[in-house]
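Structure record follows, encoded as structure tokens.
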Amino acid sequence: MVSQVDKRNEPDSERFAEASLDALSEHIAVLDAGGAIVFVNRAWREFGAANSSHPEELCEGSNYLVACENATGEDAGDAGRLAAALRAIISGGLDVFSLEYPCHSPNQQRWYVASVSRFELGGRVRVVITHSNITTRKLAEQLMSQSEEQLRAIFEASRDGILVEHDERIVYVNNSYARLLMYAPEELIGAPVSFVTSSDDGKRMLEFGRRRLRGEQAPATYEFRGRRKDGVLIDFEASVSTHKVAGKTFITTTIRDIAERKRAEEALRQSESKYRLLMEQASDGIHTYDSSGNFIETNLKLCDMLGYTREEMLCLNVKDLIPPEELNVAPIRFEQLRAGQTLLIERRLRRKDGTLLPVEISGRMVQDGVLQSIIRDITERKQAEEALRQAYDGLERRVEERTAEILVANEMLKTEMAERLRAEQARQELLRRLVLAQEDERRRISRELHDQMGQQLTAIMMGLKALDAASYGRQSIIVNLQQLQELTNQLAREVHNLAWGLRPPALDDLGLHTALYNYVEEWAKRSQVLVDFHSSGFENGRLPVAYENTIYRIAQEALTNVVKHSEADQVSFIVERRDDQIVTVIEDNGRGFDVEASTQASIKEGKLGLLGMRERAHLLGGTLAIESVPGVGTSVFVNIPVEEARIGGDACE
Numbered sequence: 001m002v003s004q005v006d007k008r009n010e011p012d013s014e015r016f017a018e019a020s021l022d023a024l025s026e027h028i029a030v031l032d033a034g035g036a037i038v039f040v041n042r043a044w045r046e047f048g049a050a051n052s053s054h055p056e057e058l059c060e061g062s063n064y065l066v067a068c069e070n071a072t073g074e075d076a077g078d079a080g081r082l083a084a085a086l087r088a089i090i091s092g093g094l095d096v097f098s099l100e101y102p103c104h105s106p107n108q109q110r111w112y113v114a115s116v117s118r119f120e121l122g123g124r125v126r127v128v129i130t131h132s133n134i135t136t137r138k139l140a141e142q143l144m145s146q147s148e149e150q151l152r153a154i155f156e157a158s159r160d161g162i163l164v165e166h167d168e169r170i171v172y173v174n175n176s177y178a179r180l181l182m183y184a185p186e187e188l189i190g191a192p193v194s195f196v197t198s199s200d201d202g203k204r205m206l207e208f209g210r211r212r213l214r215g216e217q218a219p220a221t222y223e224f225r226g227r228r229k230d231g232v233l234i235d236f237e238a239s240v241s242t243h244k245v246a247g248k249t250f251i252t253t254t255i256r257d258i259a260e261r262k263r264a265e266e267a268l269r270q271s272e273s274k275y276r277l278l279m280e281q282a283s284d285g286i287h288t289y290d291s292s293g294n295f296i297e298t299n300l301k302l303c304d305m306l307g308y309t310r311e312e313m314l315c316l317n318v319k320d321l322i323p324p325e326e327l328n329v330a331p332i333r334f335e336q337l338r339a340g341q342t343l344l345i346e347r348r349l350r351r352k353d354g355t356l357l358p359v360e361i362s363g364r365m366v367q368d369g370v371l372q373s374i375i376r377d378i379t380e381r382k383q384a385e386e387a388l389r390q391a392y393d394g395l396e397r398r399v400e401e402r403t404a405e406i407l408v409a410n411e412m413l414k415t416e417m418a419e420r421l422r423a424e425q426a427r428q429e430l431l432r433r434l435v436l437a438q439e440d441e442r443r444r445i446s447r448e449l450h451d452q453m454g455q456q457l458t459a460i461m462m463g464l465k466a467l468d469a470a471s472y473g474r475q476s477i478i479v480n481l482q483q484l485q486e487l488t489n490q491l492a493r494e495v496h497n498l499a500w501g502l503r504p505p506a507l508d509d510l511g512l513h514t515a516l517y518n519y520v521e522e523w524a525k526r527s528q529v530l531v532d533f534h535s536s537g538f539e540n541g542r543l544p545v546a547y548e549n550t551i552y553r554i555a556q557e558a559l560t561n562v563v564k565h566s567e568a569d570q571v572s573f574i575v576e577r578r579d580d581q582i583v584t585v586i587e588d589n590g591r592g593f594d595v596e597a598s599t600q601a602s603i604k605e606g607k608l609g610l611l612g613m614r615e616r617a618h619l620l621g622g623t624l625a626i627e628s629v630p631g632v633g634t635s636v637f638v639n640i641p642v643e644e645a646r647i648g649g650d651a652c653e
């Protein structure tokens, strides 16, 4: 029952048991093996508060056995007999005990019977004391000697059942007795006393009566199971007295239905058993202690955690388990606990072997003057926290080391990137110079082909015409001369086309638009491919030479690839000058190709067609993209940025 102090975790059966005991009019208390009160019901508390000059001696936590032994005054005799009986019952020398005693108030006469019994639960001895008010019975006994009618009226008015027997047969029962056993009063008159009891209890009660008749001591109160008319057995408490009337000895038994109390006691016993089971099965240590820190109860888990036996633990104070230096820094906050606060704290508890155990303690008050703590071993958590802290420290060191390495690597990378950037810039500058040199060489070769070879071929043609005039009609000479003239004309045309292809004069003289237009028109005639040429945005001035050369050469290479590979019969050619860029789009309806595979093959075989087109665009900060799907066609997109300030500038730059 002392385990019921944990109100938060008590099951419904425990609350029902306490409520049932509080509903009884008997004054009930439960003592431990030392005589200390561990539980009282509401009737006990109210009676003590209203009638005792020292009510604190009747509260939970006080020692009732010691109070009885130390009693003085006119009640000392009864108190001493009760104390002796308590010790005998606790030691096992006596099973039950009852004592009738007067307890008069200034305004009222009162009698009580104290009933003491013993039970064990979980290996612990418990003693139940029940003080029942028998004033009614005592007054009835007094009145019986005065007037039978008055006595009968009193008996009938009593809520308790009253039976009078003589020679072990029933001579009188009041209505309450008959009603409790579901009989009519006349059905019980003359019946044996054992008629209304269980077989075992009937024999026991008859033996009690015979002992009284022989003048021997017999219990004044006891419990028995009465048999109702329907055969159901009911628990009763009996108070018995003996008296003589007209020379005859009568035994009067007053009974009270204690079925509810029995159920409450059983529920209380079961709830305490369940609580003890839960407490022992808990994975945490649990103990209760008083407001001074003295242990009241503990589970085996806490004993195992600290290396003590249960008996050793119960002799300790909670302060004995806390290192003094820690107790000085963080004392136990009893006042907050008594005020109803729940406290959570981490501490180190000293084991029996002197080692320290890190724990987490949750403490609270569960009953007046009784505190409870739940103690959890946090050794693994502390070890994990320490491992985590070490890992974190190691990680911080590693981060610092890695950061330093990254800084060094970054500096090295910056240096390498700067060197690569300088190399790329040098490469682009070299490519730019190569392109310019190539264009200059094309221009020189074109000029020499046009000037020197053109003049020489013209001289040859004039010589052939002179020979034709001097042939004097000789037919064989004329045929040969005509063949030579035709061959010379063809050679002149090829030289002209070669010179034009190397460097079209229109590109230098008239600009990109006219040069592209002339080239596309000539290319369409040679390739027999229909070309849709569109140009816009070139009306306001020339582009720098480098831009015009780049776009013209990319267009040449793109159209050359159409003739070589695409088998197209239509080409769309668009070149536009926009705000800050030159956009060129060349599309055909040919057979298409795999751009990635072709690019890789060009790199592997050292072909410069596609790569050269990209390099030319890249030299001017532009991009060249090729989109092609086999069987669909190919599109070439060229985008070259141009600063507005340079558009319309010196065309000969």
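Its first residue numbered 1, the sequence shown is counted upward by one per residue in our numbering.
We put the beta carbon where it would ideally sit given N, CA and C, even for glycine.
The shortest CA-to-CA distance from V30 to any of L58, S52, F47 and P106 is the one to L58. Cβ-Cβ separation between I626 and I582: approximately 18 Å, too far for a contact (criterion under 8 Å). DSSP, read as helix, strand or coil, puts S198 in coil.
Secondary structure note for Y308: it is in no alpha helix (DSSP H), with a DSSP letter that is neither H nor E. Setting aside the 5 residues that flank it on each side, G631 is surrounded in the same chain by R591 and G592, each with a C-beta closer than 7 Å to its C-beta; the list follows chain order. In terms of Cα proximity to V127, the closest of I134, R118, N133 and T135 is R118.
For I234, the closest of P324, G511, A85 and R256 by C-alpha to C-alpha distance is R256. The Cβ neighbour count for T252, taken over all protein chains shown within 10 Å, is at least 16; the residue is labelled buried. Looking at M182, V366 and R542, the one whose alpha-carbon comes closest to that of D230 is M182. By the neighbour-count criterion, in which a residue is buried when 16 or more other Cβ atoms sit within 10 angstroms of its Cβ, G226 is buried. For the region 64-119, the continuous alpha helix (DSSP H) assignments of 4+ residues that do not extend past its boundaries occur at 64-69 and 76-91, in sequence order. Three or more pairs of CB atoms, one per stretch, sit closer than 8 Å, so the region 283-296 contacts the region 367-379. Assigned with DSSP and collapsed to three states, I574 falls in strand.
Sorting A546, V359, L300 and R526 by C-alpha distance to the C-alpha of D569 places R526 at the top. The C-beta of Y112 has 16 or more other C-beta atoms within 10 Å across all chains shown, which makes the residue buried.
Apart from sequence neighbours up to five positions away, the residues of its chain that approach Y172 with a beta-carbon distance below 6 Å are V164, ordered along the chain. A residue is called buried when at least 16 other Cβ atoms come within 10 angstroms of its Cβ; S98 meets this threshold and is buried.
Scanning its chain for C-beta atoms nearer than 6 Å, with the 5 sequence neighbours on each side dropped, one finds around N63 the residues G35 and A36, in chain order. Note: N294 is bridge-paired with N317 in the DSSP secondary-structure output. In this structure, the alpha-carbon of S52 lies about 42 Å from that of L188.
Within the same chain, and ignoring the five residues on either side of E396 in sequence, no residue has its Cβ closer than 8 Å to its Cβ. With contacts defined as CB atoms closer than 8 Å, G622 and V638 qualify as a contacting pair. Counted as a single uninterrupted DSSP element, the beta strand (DSSP E) harbouring R227 occupies residues T221 to R227. Counting only runs that start and end inside the region 12-49, the beta strand (DSSP E) elements of at least 3 residues fall at 27-31 and 37-40. A Cβ-Cβ separation of about 18 Å leaves E260 out of contact with H131 under the 8 Å criterion. Looking at the backbone, the Cα of L388 and that of L306 are separated by about 27 Å. Non-local C-beta neighbours of Q336 in its own chain, meaning closer than 7 Å and more than five positions away in sequence, comprise L343, ordered along the chain. Nearest in C-alpha terms to V232, of all of K319, S199 and A264, is S199.
It is roughly 29 Å from the alpha-carbon of I406 to the alpha-carbon of E386. As a beta-bridge residue in DSSP terms, K248 pairs with V245. Where F637 is concerned, the enclosing beta strand (DSSP E) starts and stops at G633 to P641. Distance from the Cα of C103 is smallest, within the candidate group D594, L82, A384 and T135, for T135. Taken atom to atom, the span from the alpha-carbon of S194 to that of R152 is near 23 Å. Within the region 530-607, complete beta strand (DSSP E) segments of at least 3 residues are found at 530-536, 570-577 and 581-588, given in chain order. In the three-state DSSP reduction, V193 falls in the helix class (H, G or I). Here Y222 is buried: its Cβ has 16 or more other Cβ atoms, across all protein chains shown, within 10 Å.
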